[in-house]
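First comes the structure, then the notes that go with it.
Number of protein chains: 4
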Amino acid sequence: MVRVVVLGTGYVASHLAVGLERIRKGLVKPYGVPLAKYDLPYRVEDVRVVATYDIDVAKIGKTLYDVAREVFGKEYPVPEELKGIKVREGIKLNSDKGLNIKARGLEEEIGLREAVERLADEWVELRPDVVINIISTEEAKAFNDVEALRKAIEGGSEGVSASHAYAYAAYLYAKKVGRGVAFVNAIPTPIANDPAVVKLFEDANSVVFGDDGATGATPLTADLLEHLAERNRLVEFIVQFNIGGNTDFLALTVPERNKMKEFTKSSIVKDILGYDAPHYIKPTGYLEPLGDKKFVAMHIEYLSFNGFRDSIFINARINDSPALAGMLVDLARLGKIALDRGVKGTLYEVNAFFMKKPGPADARNISKIVAFAGLMKWLGLRR
Amino acid sequence: MVRVVVLGTGYVASHLAVGLERIRKGLVKPYGVPLAKYDLPYRVEDVRVVATYDIDVAKIGKTLYDVAREVFGKEYPVPEELKGIKVREGIKLNSDKGLNIKARGLEEEIGLREAVERLADEWVELRPDVVINIISTEEAKAFNDVEALRKAIEGGSEGVSASHAYAYAAYLYAKKVGRGVAFVNAIPTPIANDPAVVKLFEDANSVVFGDDGATGATPLTADLLEHLAERNRLVEFIVQFNIGGNTDFLALTVPERNKMKEFTKSSIVKDILGYDAPHYIKPTGYLEPLGDKKFVAMHIEYLSFNGFRDSIFINARINDSPALAGMLVDLARLGKIALDRGVKGTLYEVNAFFMKKPGPADARNISKIVAFAGLMKWLGLRR
Amino acid sequence: MVRVVVLGTGYVASHLAVGLERIRKGLVKPYGVPLAKYDLPYRVEDVRVVATYDIDVAKIGKTLYDVAREVFGKEYPVPEELKGIKVREGIKLNSDKGLNIKARGLEEEIGLREAVERLADEWVELRPDVVINIISTEEAKAFNDVEALRKAIEGGSEGVSASHAYAYAAYLYAKKVGRGVAFVNAIPTPIANDPAVVKLFEDANSVVFGDDGATGATPLTADLLEHLAERNRLVEFIVQFNIGGNTDFLALTVPERNKMKEFTKSSIVKDILGYDAPHYIKPTGYLEPLGDKKFVAMHIEYLSFNGFRDSIFINARINDSPALAGMLVDLARLGKIALDRGVKGTLYEVNAFFMKKPGPADARNISKIVAFAGLMKWLGLRR
Amino acid sequence: MVRVVVLGTGYVASHLAVGLERIRKGLVKPYGVPLAKYDLPYRVEDVRVVATYDIDVAKIGKTLYDVAREVFGKEYPVPEELKGIKVREGIKLNSDKGLNIKARGLEEEIGLREAVERLADEWVELRPDVVINIISTEEAKAFNDVEALRKAIEGGSEGVSASHAYAYAAYLYAKKVGRGVAFVNAIPTPIANDPAVVKLFEDANSVVFGDDGATGATPLTADLLEHLAERNRLVEFIVQFNIGGNTDFLALTVPERNKMKEFTKSSIVKDILGYDAPHYIKPTGYLEPLGDKKFVAMHIEYLSFNGFRDSIFINARINDSPALAGMLVDLARLGKIALDRGVKGTLYEVNAFFMKKPGPADARNISKIVAFAGLMKWLGLRR
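Chains as they are written, first to last, in the working numbering: chain A, 1318 to 1700; chain B, 1318 to 1700; chain C, 1318 to 1700; chain D, 1318 to 1700.
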C-alpha cells in the first residue's frame, strides 16, 4: 500500500480520492494514469489517501466526502469511503492572499515552529509514504541555503511559503520515524528547484519531486516544440491563452501568483528550441461558468524550408483537475519506489516527465516524449 | 557532393532545387531540414539536383527553371542555376490515370524492358548517388517476390507501377556501375514495404528509403497520439481532414489514389496507441485557390482520469511542398551516408522518422519523436 | 393545439417529442425554438406529435417511447407520454437505397396509388394540422408540372421520391377534409422548390414550407458571408467540412444523397456574396462515435482593404437533431398560423429563415439575419 | 472631393492614404470599403487625406510617405503622392501615458486654449470636410455638460482627453468657417457618447460619428450573438482573446487603456442577447512579431433545444489597420453626406454599423447585420 497525505483539499484532491475508489470498484478504468498499463511494484489500486489538509474554515473538520459533494454536485455518486478521510487544519502563512475565503492556519495560534512540529507528529501517527502538495499557487521564492530555510522556519519569518513549511514538516517527520518520505510538489513554488529543500531531504533519506505538475497545455506545447525543433523549423512566435473557472484560475488573477505560473510555463521554450522564440504563455483569465474544464487557445507560426511560413492553431477543452489527479497516482507510486531504491534528494527522471519546471535547480527542461523515454529506462520498462 | 536525380518535376522538385540554391547563396537558412544543425559527413550545401524526369509533355525537354517559374509565379526570383537542370522523359505506365495532363512515357515507344535499360544508361552518365521518387500518388501494390517483379518488368506487364519501374532502373544502374545507389520513395507506393524491392537492392549493395514522406498533419498526429498514449488517455476518436489546391490533391480525388494515401496515413493509430481508435484520416478534397498551402483540421476526444472527457481541435495551414523538400535534403544526405556505411536493403532508423509507412514491410509505426531518438543514435549524434 | 404528424422516426422525431414533453413539464426551457420568446397565437406547449411514420421494420408498430429509448440510452428519462405515440408504416420507394436497414413500405403491397390514399385516410382520423417530413436524405428531383407528378403517383412510377408521395398524400388529405394542411419539408428533396407541389397545395388551400431545414453550419455560414459581404471583403475561398455519427451522416456516404445535400448547402455562396467564391461545402464523412454531435470545421480567406489577406477558422461541435427539432416546433406553429391567415402554396418569409434552400424555385437565398427581419415583419413582431 | 484631416499618424493613417492612392491608380480594388459597390454622392476615389497630426517627435515635421515607409517596410511601393502630406504637431495632454515614445504637444508651449485655437486656424486653411480621430486608445471620460467641457478646455484642465480637445478644435473650426464639419471618433474615448460633445456639434451645424471603430472580432461577435439570439439559444459563456504586435496593442497593456477597450467591447453582449451572458472579452496581450495582424481566439457554449450543449471555437488572423482604414473611407464619405443632408449632432444609423459603442449615450448596441439594414434604409439604397 502507498499511504498518501494531501495538502490542499479542493478539486484535485477530490478527483484523486474519488477516482481511486472508483478504480478499486471497477467502475472506471485507470485512464489518465500514465504508467497504469506497465508492471510496477505498486498497483494503482494500492494508492490510498489517508488524510487531507486545508486552511479554509469551511472545510476544516469536515470529511473529503463533504468536499467532494460540493465539487461534483448533488447528483454525482461520491463513494462512501471518502467519509473516512478527515480534512485537517494546515499552514496558512501568506497562501490565502487575495483569495476570497475565510482562512486560518495552525501557525496563527502556536507559531510556525510549533506548527511544523505538530504536523510532523500527526504524520507519525498517519504514517504517510508520500505527501502531496496541491495548495493554490502562492507567491514564493527559493531559499537555496539550508540554514536560511531552517532559521526562517524556526523564526516564524514572513518569507516562508506554506509549501516550504509543509516540506519542512515532512523532513521533520522523516527524521522522527527514521524512514524516508516522498514529498510531491505539484505547484509552482520552487521546492525541487530549491537546493535548500533538496539538501534537507537528502539528509533525511527522503526524496522530493517537483515543481508544478505538468498538465494542461504546457506539456502538449513541449511536445509540439520538440516536433518543430526536430524538423529545424524556425518558430517565429507562440501564443498560448488559457482560461478556467476553478479556484486555481481565480487565484491566478492575483498578479504575483500569475507570475509564478508564467515562470514555470515559459522555461520550456528556450530549453527545447534552443533559442528564446517570442512567446506569450500565461494563465489568461477567470470565468466562472467554465468550471474545472479550461479553454486553451494556442497559435504558432514558423518558417519551413525555403523560407515559407506555416501556421498552427490549437483549441482545447481540458478537465484540469482529473489530469493532475491521474499524474498524482503515479507520482505517489514512484515516490515509494524511489524510496525503496534508496533515491535521496530529488530525481530528474521523474521530474522531467511529470513536472513543468523539473528540479533540481540547474536541470534542463526537455520535451515530455523524450522525458518519458528516460523515465521508462530508469524504471527498466520497455514500451 | 551528393548527386540527386528527381523523378516527378512539380512543386516539390522546384522547391528542392530552388531552396538548395538559395541556401548556397546565403539568401535563406536551411529551416525545415531536420538535421541541418548537426554535423554530418555531407553538408546541406553539398546536395545537387543533376536531372529531373516527368511524363507531362508540357514539361519534357524544358529546364527546371521553366517549371519553377510556373510554380512560383512571375515575380519570384528563381535562381538562374536551374536553367542547367533538364527535365527528361520518364516512365508513365498507369501513373497518369485520371490526371488532366497530356502524358507520354518512354515505355510507350520502346517497351518497358528497354525503357528501364535506357534510364539506367542515362544514370550511368549522370552518376546520381540518390534517386528520389516524388511522382503523383499512383495506385500500386507490392510484388513481394523478386522473380514476380523481374518478370513483370521484363514482360512489360500492366501490373507494374511507375515507381516499381523506376526502382528497377535504379537497381540496374547500380549493377552497371558496380556501386550502390540510394532510392528514396516519398510517395505511398509500397517500395521499402515491398520485400521484392528490398531484396533486389540488397543484391546491388544499394538501399531504399520509404514509403511516403512524413509531412503534413500525419507526423504531427503521430506525436500527438504518442503524447496521449504516454498519459494512458483513451482516445475515443480522431478526425483529420485536409484539403489543398496542388496537383497532388487533384490526383487524390481519384478514389484509387486516395485509398493509397488513406492506407499510409491510418497505420499510425493502432501502432502508436496499441488499439485501433475509431478514425477518419484521409485526403478530403481539392480546392484550387488553396494552392500548395493545404488546410488541415483535426479533432480528437479522449477520456482522462476518473472518466472525464477532453477535446482537442487543431487547424493548420501548411506549405505542402517545402515541408517535403526540406526532408528530401536530409534523405539525400542520409542515402549517401548509409551507402558509405555499407547499409544494404532498407534502413528502419531512417524510415521510421521520415516516412508515413516506414519499411520494411513488417515494421511498426512509431511516433516521430521516438523515431528521432533512434535516428540520432544510429548517427551517433547527441541533441 | 397544433397537431403534428412526423414522417421519419429517428433522432429528430425523438428530440422533438421528448423536448416538447419536457418543456410542458417545466423540466427545460424552450431554448433552440427561435420564436419562443415572442407572443404568437399558438404557444410552444400547444404543439403535439400525434403519430410518426417509418419504413424500418424494427420500428414499425412500436411506440415513439421505444425508439427514444434507443436514441437517448437506457439512463435517460424518456417521458411516459411517448408511449401513446405509435410508429406507423410509411412509404418506402427508393428512400432506403444504400441504408443498412430492413425496410418495407405500404406501396409494396398495395401499390403507390392505394398507399397515398391510405395515408390520407389515416390522417383524416388523426387530424394533423401539420405534416413534417424528416426522412433520411434521398435522391430526388422536381416534377415541375402538376400533371407529371399526378401521373407518376397514380402510375406508381419509379421516379417518385418518398417525399413527393408523402406530400401528395397530404394534398389528398386536405382535399378530403376540405381544410388546409401545412407540409414542412425539412430535407433536401425539392418540395417547396417544386412548382408542381406548390401548385397542388395552392389548389388545396394548403401550404408547404421547405426545403432542407437550416441547421448546422450552413446558416452560420450564411450569416458569416453576409458579414463579409457587408464589408465588401473579397472571399477567396470557403472550406466547410462536417462529419457525424448519426443515421443521416451514414446515409450521406451514398454519393447520390451527398449530392442532394451539397446542392442545398452551396446555393448560399453566390446568392449572398453576389459572386461564386470557390468553395468546398459538403457532408464529408461518417464516424460512429461522434454520434448525433457533429464536428464542423470551416476556413475562409478574404481580401480586406489595400489588398491584405485575413483568415478565419471555425470549429464546432453541434447537436444535430436538437437543432432541427427546435426549429420544427416553430415551423409547426407557423404552419398553422399561415393556414389561419389564408396563405396558400408556399411562404418565402418562413422558408428564407428556416430553410437551406428556400422555396419557391426561383427564390434567392439570403442571410439568416436578414431573413429573420423579414419573418418578424410578416408576423408583425418587433424584437 | 472629401477633404480629410487625420489625427494620429501610424498604421491606420498609412493604410488609409496608401490604399486610397492605390485605388485611384487602379492597383487594387476597394475591398474592405463597405459601401464601395453602391452608388453614393461621393466616390471612394474622392476621399483625400490633406494632413495628419501626431505627438511623436520622431514623426512631427516628416511626411506621411516617411511614416508609411516605416510601417510597410523598405520593399513596399509606397505611393509618391504621400510626400505631399505633412505630419503636424498635435495635442498631447495625457495621451502618451505609458507609451514608450518621446512626445510633445502644442499645449505644452502655448496652453490648451491657444492650442485648440491654433488647430482651428490651421484647419481654416486646410479646409477639411472630415476630421478623423485615430490616436492611441487613451483613458478618458465623458463631460456630459457643455459648460464643464468648455471650462475644462479654456482652463487647460488635466481632466480633458486629447480626443476631447481635438473635437473642440473641430467645433471652433466649424464656427470660424460657418460651415459644418464631421468628426469621426474611431477610438474608445466617449465623444459621440458624450452629450456635451454632441450638443456642441449641433450648435455648429456639425456631426460627430463614434465611438470606437467596429473592426476586428467584436463586430463578428455581434453578428454571431444575433445569430444565436435569433434561435433562442442560451449562451452560457463567451471568451474572446486577442493579441497583436502593433502600437495599439502595446498601448493596451496599460491597464487604464485596456479598461476603455473592455468597456466598448462588452456592451454588445447584453444589448444583443437581452441578458448579460458571462463573458471575458478584452485585449489580452502584446507580442511584437504578430505585427499588425492580430490573433483572435473565441469560444462560445450555448444550450440548444431539449437542453443539449453546443460549442463553437473561432480563430482568426486579422489585419487590424486595413480593416479600420477601409471603414474610414466610408465614414469620411458619410460624414460629408450627412452634412449635405443637414444632419446635426450625431447619427445613430451610421454609428450603429460602424462603431463598437454607437452614440448617442443612451443608444442600444445592435448586431451589425441589423444595423446595416438601417444604414441602407437611411441612404435609400437596396442591396
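Backbone N, C-alpha and C define an ideal beta-carbon position, used for all residues, glycine too.
Every value quoted in this text rests on a predicted model; they were computed, and no experiment measured them.
Neighbour-count burial assignment, residue i, 16 or more Cβ in a 10 Å radius
i	result
B:Arg1650	buried
B:Lys1694	exposed
D:Val1350	buried
B:Thr1454	buried
A:Leu1569	buried
B:Leu1344	exposed
B:Pro1394	exposed
D:Glu1392	exposed
Chain B within 9 Å of residue i, Cβ atoms only
i	result
A:Leu1590	no
A:Phe1580	no
C:Ile1560	yes
Any C-beta of chain A under 9 Å from that of residue i
i	result
B:Arg1699	no
D:Glu1338	no
B:Glu1397	no
B:Val1556	no
D:Glu1553	yes
B:Arg1341	no
B:Lys1694	no
Beta-carbon contacts of residue i that lie in its chain and below 6 Å, excluding the five residues immediately before and after
i	result
B:Met1615	Gln1557, Ile1631
C:Leu1399	Ala1334, Leu1381, Tyr1382, Ala1385
C:Ala1491	Gly1497, Val1498, Ala1521, Ser1523
A:Ile1352	This sequence places Leu at residue 1352 of chain A; Ile is not what is there. Excluding residues within five positions, the ones whose Cβ falls inside 6 Å are Asp1647.
A:Ile1560	Thr1601, Gly1602, Leu1604, Phe1612
D:Gly1422	Ile1372, Ile1408, Lys1409
A:Asn1461	Pro1512, Ala1513
Cutoff 9 Å: residue i Cβ touching any chain C Cβ
i	result
B:Glu1605	yes
B:Val1586	no
B:Pro1595	yes
Helix, strand or coil at residue i [DSSP, three-state]
i	result
A:Ala1486	helix
A:Leu1551	strand
C:Ala1353	coil
D:Ser1584	helix
B:Lys1458	coil
A:Tyr1592	coil
C:Ser1638	helix
Close Cβ partners of residue i (< 8 Å) along its chain, the five nearest in sequence each way excluded
i	result
C:Ala1482	Ile1408, Leu1410, Glu1424, Leu1429, Ala1432, Val1433, Ile1470
Contacts around residue i, its chain only, beta-carbon distance under 7 Å, and the 5 residues preceding and following it disregarded
i	result
C:Glu1362	Ile1340, Arg1341
B:Glu1442	none
A:Ile1686	Asp1540, Glu1543
The ligand GTP heavy atom lying under 8 Å from the CB of residue i
i	result
C:Gly1401	The model on display carries no ligand, and the ligand GTP is accordingly not part of it.
Interface flag, residue i vs chain D, CB-CB below 9 Å
i	result
A:Gly1602	yes
Contact under 9 Å by Cβ, residue i with residue j
i	j	result
C:Gly1643	D:Phe1622	yes
B:Ile1598	B:Thr1506	no
A:Ala1678	A:Asp1529	no
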